[in-house]
Each structure stands twice: as C-alpha cells, then as structure tokens.
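Working notes for the structure below.
Right, dumping it as structure tokens:
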C-alpha cells in the first residue's frame with residue numbers, strides 16, 4: 018500500500034511561491050524529519066508541473082551526486098540528469114526537487130546558478146539546514162524563498178480522520194464567543210485528546226488510521242524519537258543535546274520558572290547550552306519560549322536568552338518521550354487522556370500542545386514571571402502573544418480554571434498594554450469579567 022498523502026495547509030504556500038516567486042527564487046522548505054516535507058512536495062510536483070525530477074540526497078546514486086562537482090556547463094548538466102533519471106524536463110513546466118539537500122551542500126550552493134539559468138523551477142527540502150558543518154564550505158544562495166513546515170496541526174488532523182465540519186464549527190464559536198454546548202464540546206474534547214495522544218507526525222496518524230491501535234502508534238513514535246536523538250549527535254557528539262531533549266517533560270512537570278539544565282545533566286553550565294540551542298532550534302524538533310523581561314509588543318528586544326522553557330515540537334512525541342521508560346501496557350496516560358481523567362500534575366502536556374499550536378500559527382513564544390511583595394510566591398504567565406499594539410496573556414489550566422491569580426496580578430501591573438486575556442482550559446467557552454475562558458481546541462484559531 019502506498020504512503021497516504023494528507024491534505025496540508027503548506028500546499029497553498031507552495032502554490033503561492035510557484036505563481037509569484039519561482040522565476041527568481043528556489044523554494045526551501047525547512048522542518049524536522051518525518052513531518053511530511055518530501056511527501057507534500059512530490060504531490061505538489063505531480064499536480065502542478067508537467068514533469069519533475071526528485072533527487073533524494075540520502076539515497077541517490079554517486080553518478081547524480083557527481084554531477085554537482087561541475088555545474089559550469091548547465092546544458093551538459095541537464096542532459097546527464099535527464100539521462101540518469103529517465104525523465105524529460107520541459108522549460109518552464111518542470112521542477113527539480115532537492116530532497117534532504119543538507120546532505121550535499123554543493124547542490125544547495127548550485128541553486129544560485131540554476132535559478133539564474135531560468136529553465137526550470139527548484140524546490141529544496143531539508144532538516145538541520147543551518148548546522149555549521151552543512152554550510153561552512155559553501156556560499157548560501159540568496160535565491161531561496163524559505164518557509165517552515167511543522168507537524169500536522171489540529172485542523173489538519175481532523176481532516177485526516179475524515180472530519181471536515183468540526184474546525185469550521187470551532188471557528189464560528191470563537192468568532193461569536195459562544196459555548197459549544199455539552200454534547201458538541203464533549204466530542205470536540207475527545208477528538209482533541211486523541212490528537213494529543215497521536216500527535217501530528219503523518220506516520221503516526223497513518224498508523225492510527227490503518228490499525229486503530231494506540232500501542233502500534235506508540236511504537237512508531239518511539240522510532241521517531243530515536244531518530245531525532247540520532248540527529249542530535251550530528252549537532253553535539255557529547256550527547257548533551259540529546260539529554261536536553263529527553264529532559265523536556267521532566268522540566269515542564271517540575272513547574273520551574275525556566276528550563277533547569279541540571280535536570281538534563283548535572284554540572285552543565287548555561288554557556289554550554291547557549292551554544293547548542295540555535296542548532297537544536299534549527300532542527301525544528303523543539304520549540305522555545307523566552308522570558309520577556311519587559312512584556313510588550315517588542316518582546317523580542319527584551320528576551321532573556323538564558324531564561325527559557327523548552328517544548329517538543331510535537332505533542333504526540335512529548336507523550337511518548339514522557340513515558341518512554343515504561344512499556345506501553347504500563348502507560349495509563351493513554352486511557353486517562355482519552356477518558357478525561359488526566360491528573361492535574363500531568364497538565365504540562367496541555368502546556369506543550371498550546372506552545373505547539375501557537376508556533377504553528379507563526380507566533381514567537383514568550384512568558385513572564387514576577388515575584389510577590391508579600392511572599393516568596395512566583396506568579397507566572399504561561400504565554401504572551403502580541404496582537405496589534407497590545408499583548409495577550411495566556412494562562413493554561415488543566416484543573417481548576419477559576420483560580421488565575423497570576424493573570425490578575427499581571428493584568429493589574431501592565432493594564433495599559435493588555436489586549437484580550439485568555440484562560441485555556443478543558444471546559445466549554447465562557448466570557449466572564451473581561452476574560453476569555455477558551456477550551457484548548459480553540460487555541461489553533463486565535
């Protein structure tokens with residue numbers, strides 16, 4: 018059976034590139050491994066071009082790789098490429114795909130000349146694109162239009178399981194600020210909890226649809242986590258990057274006001290992680306929220322680079338990573354999530370999925386902590402996003418949503434900067450005292 022091709026929103030972005038930018042730029046799609054970059058690009062090439070050639074640099078022949086040793090004579094280059102791939106190229110009607118282009122940096126460097134030649138269109142896909150060893154000996158082409166790809170979001174997940182109605186219902190309810198009602202809310206929350214368990218990795222979703230068995234899905238996710246940890250050795254052969262990734266669930270569950278490096282590896286200094294973080298972020302396997310020292314619209318200018326929280330880029334992988342030390346049969350988390358019996362101390366899963374959904378919407382993540390004048394208590398706002406000239410604080414609750422002292426204190430302190438206020442929880446929508454209490458499934462549509 019062939020690989021399932023799921024509908025992805027990025028298709029529209031690729032189409033916009035073809036129609037408006039492809040004469041002057043190659044398209045570079047960046048993202049973590051196994052999120053479906055190659056699949057969607059090949060599907061696009063089949064539908065939108067007369068012919069295409071896909072070169073997967075992880076598996077292509079030495080003869081094709083050797084063509085990039087000399088691209089001075091492009092007539093000869095294209096003649097050989099067509100011969101070796103048995104595919105005819107048509108001027109202005111064919112696209113050449115460089116898949117996992119980071120594995121052959123000289124092919125990426127050739128993009129400058131290939132785009133200038135103008136005969137064909139070019140799409141590159143890659144993970145770990147910015148790793149120093151993949152770029153140190155080449156001139157990075159300026160003729161790249163870069164877009165980021167993420168795991169399937171909740172709406173794409175709903176499409177995959179055959180639900181074309183729920184997302185439109187959620188959008189309408191959020192726009193009109195209305196509750197869904199008990200029956201609809203219960204069904205939407207069940208689908209969202211299923212999304213949290215499976216996540217947005219296409220292979221995990223495909224496995225669920227094929228087997229309807231979460232144990233088989235969990236095995237697939239463990240394979241992906243193992244793959245990511247192998248990739249971390251390319252970033253850092255000391256293993257620290259892998260330890261930092263493994264420790265994300267433990268750090269979030271501790272309710273610390275920042276990522277605590279000693280939980281990942283005792284004795285680790287902040288400057289060691291500071292060198293690793295850019296490469297980990299460029300792998301798209303993690304999301305980061307920086308502490309905003311002075312919360313406002315320009316939070317990027319006020320971030321504390323040594324004070325941050327880390328999240329996994331996919332909530333399904335987060336669940337698997339959190340319980341990887343146990344066999345699936347011991348993982349009561351699956352049944353508890355599906356049956357809405359998740360303990361409060363496991364609510365950090367909701368924090369991770371909210372981070373994932375906000376990033377997929379194009380938000381940079383920031384959070385804020387402040388002390389109390391009367392006690393040692395620390396007040397924390399989980400996420401801050403900007404809309405227009407205002408900031409919108411978001412507090413994530415998995416238990417008692419009525420208690421939100423942190424949000425109240427924050428809004429009192431920065432009252433002139435505040436736009437919409439949100440408490441994200443598992444109950445139905447309501448608006449009360451200037452606060453939007455939104456069910457977690459509404460977050461993707463904010």
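In our numbering, the protein residues as written are 18 to 463.
All C-beta atoms in this analysis are idealised placements derived from N, C-alpha and C, irrespective of residue type, glycine included.
The shortest CA-to-CA distance from residue 65 to any of 370, 111, 431, 88 is the one to 111. Per DSSP, reduced to three states, the secondary structure at residue 137 is coil, with no helix or strand assignment. Collapsing the DSSP output to three states places residue 127 in coil.
Cβ contact annotation for residue 223 (same chain, cutoff 7 Å, sequence separation greater than five): 21, in chain order. In the structure shown, residue 324 falls within a strand segment according to DSSP collapsed to helix, strand and coil. For residue 401, the enclosing beta strand (DSSP E) covers residues 395-404. Scanning 43, 213, 89 for the CA closest to the CA of residue 164 turns up 43.
Secondary structure note for residue 57: its alpha helix (DSSP H) is the uninterrupted segment 54-65. Ranked by Cα distance from residue 61, the options 95, 312, 231, 113 are led by 113. By a beta-carbon distance limit of 8 Å, residue 167 contacts residue 376. Their separation comes to about 7 Å. With fewer than 16 other CB atoms across the displayed protein chains lying within 10 angstroms of its CB, residue 24 is exposed.
Segment contact: the region 39-56 against the region 182-200, fewer than three CB-CB distances shorter than 8 Å; contact not assigned. Check the Cα spacing between residue 127 and each of 102, 86, 101, 104: the tightest is with 86.
Rounded to whole angstroms, residue 441 and residue 454 show a C-alpha spacing of 6 Å.
Membership of residue 171 in the alpha helix (DSSP H) is indicated by the continuous run 171-177. For residue 73, there is no enclosing alpha helix (DSSP H); the enclosing beta strand (DSSP E) has its first and last residue at 68-73. Residue 131 and residue 137 have their C-alpha atoms spaced approximately 8 Å apart. DSSP, read as helix, strand or coil, puts residue 224 in helix. Assignment of residue 437 by DSSP, reduced to helix, strand and coil, places it in the coil class. Linking residue 400 to residue 63 through their CA atoms gives a straight-line distance of about 40 Å.
Between the C-alpha atoms of residue 410 and residue 333 there is a straight-line separation of about 25 Å.
Taking the Cβ atoms as the reference, residue 70 lies roughly 5 Å from residue 102, within the contact range of under 8 Å.
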